[in-house]
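Just so you know, the sequences run in chain order A and B. Taking this note's numbering as reference, the numbering of the first sequence is continuous, increasing by one, and the terminal residue is 184. Taking this note's numbering as reference, the numbering of the second sequence is continuous, increasing by one, and the terminal residue is 480. First the structure, in the form of structure tokens, and then the observations on it.
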Amino acid sequence: MKKGLIIIGMLLLSMGVIAQGTVITKYFNLLEENEDYTKVSVSQKMFSMFTELEAGSDAEKEFLEAISKLKGLKVIMADSIGDAEKMYKTAIADVDKAGYEELMSIKDAEENLKFSIIEKDGIIEELIMVAGGNKGFVMLSLYGEIDLSNISKIAQELRVEGLENLGKMRDNHDHDKDTY
Amino acid sequence: MTKTLISIIFLMGLMQPLFSQEQPLKDYAEDRRERKFCLYPSTLRMINIKQNEDYNQMVSGIEKLLIYKLDSTARADKSYKEVISTYQELGFEEYIAMYGGGNTMYLYGNENNKTSEFIGVFKQAESEMALAFYLRGNIGWAKIPDLIQSFEADDMLNLFDFKTENFGNDPHNK
Chain A
5 MKKGLIIIGM LLLSMGVIAQ GTVITKYFNL LEENEDYTKV SVSQKMFSMF TELEAGSDAE
65 KEFLEAISKL KGLKVIMADS IGDAEKMYKT AIADVDKAGY EELMSIKDAE ENLKFSIIEK
125 DGIIEELIMV AGGNKGFVML SLYGEIDLSN ISKIAQELRV EGLENLGKMR DNHDHDKDTY
Chain B
307 MTKTLISIIF LMGLMQPLFS QEQPLKDYAE DRRERKFCLY PSTLRMINIK QNEDYNQMVS
367 GIEKLLIYKL DSTARADKSY KEVISTYQEL GFEEYIAMYG GGNTMYLYGN ENNKTSEFIG
427 VFKQAESEMA LAFYLRGNIG WAKIPDLIQS FEADDMLNLF DFKTENFGND PHNK
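If you want it as structure tokens, here you go:
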């Protein structure tokens, strides 16, 4: 009986660990050999390099602090694919199915964007963005300890294609505040 | 007997970081190279024509840098993935991986208190160039932002022009 409880406990614990980054990892594996998609993975090791940099200004200091709490970044992107809309819909369904909580979505004639998060004890552990247009597709996952107020700074400074969309989330968040 | 065996294994484990791990890259790239560059502290400073101080500080901890310009076969068959796997097995950790869509970049590292080692592969679709490198020593990461600010195109000697008519020419007057 005791053994059974321990096994169940361990399974639950491992499920919590697996939950982070599962969707993007699935797409990384799925599109591994597909040359239409660019796959980028930045590990915590790389982010830890940033902590050695000397901050020249307060803004840089804030950016370096935000970066030091990240554990990784994964991006999948494609500029010109025929099934971008289908990819977007499938990816969104997978994100929802995996239990991510929707944070914000934007829909317009050119592009659809959806931001979802995994939050635990008030801390955002993963932010996933899925974007799909007529021909383009982006899936981006940022994981670690994420502070939403620093998202646009990270997006600005890292200059990774697709990451600029994170800035939209902050802009929209500010706009919502103004409205109410 | 068991005690002796354990002691030997323990000693081997201790000694492992003392040996550099450039051999797997050498084994792979020697037969697949168009060119090979081997740079040491003095040569790393020598290519810094304008003696940019930020660059000198950034490379001051580097003991050795091996760069292989890979041939067209290696670029096409992506065999460099094998060497990346070998280094993963040796305990090198991923820093950055980018692949698909034409451009490729892998950076793996093994850092310990004594010496850090890095290996990487860069492939650019436009220029049809693929480079594999091994670096031993410490990079002055903190100097990179200053270097980006102060660096100008003609500050450095372009090694890849070596033995071509452009070698040593001012890039602005090409």
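Using N, Cα and C, we set each Cβ at its ideal position, and we do this for glycine too. The structure presented is a predicted model; accordingly, all values stated were derived computationally and were not measured.
C-beta atoms of residue i and residue j nearer than 8 Å
i      : j      : result
Y386/B : E400/B : no
D383/B : R339/B : no
I28/A  : M143/A : yes
L463/B : I353/B : yes
A31/A  : I85/A  : Per the sequence shown, the amino acid found at residue 31/A is Tyr instead of Ala. Contact: no.
I110/A : I128/A : no
L331/B : A438/B : yes
L57/A  : G148/A : no
For residue j and residue i, the rounded distance between their alpha carbons
i      : j      : result
S52/A  : K429/B : 25 Å
A199/A : F141/A : Because chain A here runs from 5 to 184, residue 199/A falls outside it and cannot be looked at.
L372/B : A102/A : 45 Å
L35/A  : S348/B : 44 Å
Q455/B : L107/A : 37 Å
D452/B : M435/B : 28 Å
A431/B : D125/A : 45 Å
F466/B : E39/A  : 28 Å
N409/B : Y334/B : 21 Å
M411/B : I122/A : 29 Å
R341/B : Q363/B : 27 Å
G25/A  : A95/A  : 13 Å
G137/A : E89/A  : 6 Å
F343/B : Y374/B : 6 Å
M133/A : K118/A : 6 Å
Cβ of residue i within 8 Å of any chain B Cβ
i      : result
S47/A  : yes
K65/A  : no
K43/A  : yes
L144/A : no
E114/A : no
E106/A : no
L57/A  : yes
Below-8 Å beta-carbon distance, residue i vs any chain A residue
i      : result
G426/B : no
Y386/B : no
A382/B : no
G319/B : Its pLDDT being 48, under 50, G319/B is placed unreliably by the model, and nothing is read from it.
E399/B : yes
M404/B : yes
Residue nearest to residue i in terms of C-alpha spacing, selected from the options
i      : options                        : result
M404/B : E64/A, L68/A, V46/A            : V46/A
V44/A  : S145/A, E69/A, F119/A          : S145/A
E369/B : K449/B, L396/B, S326/B, S433/B : S326/B
G443/B : S433/B, G367/B, E359/B, D360/B : G367/B
E161/A : D100/A, K65/A, K139/A          : K65/A
V427/B : I390/B, I355/B, L396/B         : I390/B
Y393/B : F424/B, L345/B, F457/B, Q357/B : F424/B
Chain E within 8 Å of residue i, Cβ atoms only
i      : result
G407/B : As a matter of chain content, chain E is missing from the structure shown, whose protein chains are A and B.
Could you give the uninterrupted runs of the alpha helix (DSSP H) lying entirely in the region 110-164 of chain A, keeping only those of 4 residues or more?
-> Correct list: 155-162.
Which runs of the beta strand (DSSP E) spanning at least 3 residues fall entirely within the region 387-463 of chain B, listed in chain order?
-> Within the region 387-463 of chain B, the runs of beta strand (DSSP E) at least 3 residues long that lie entirely inside it are, in chain order, 399-405, 410-416, 423-430, 435-444.
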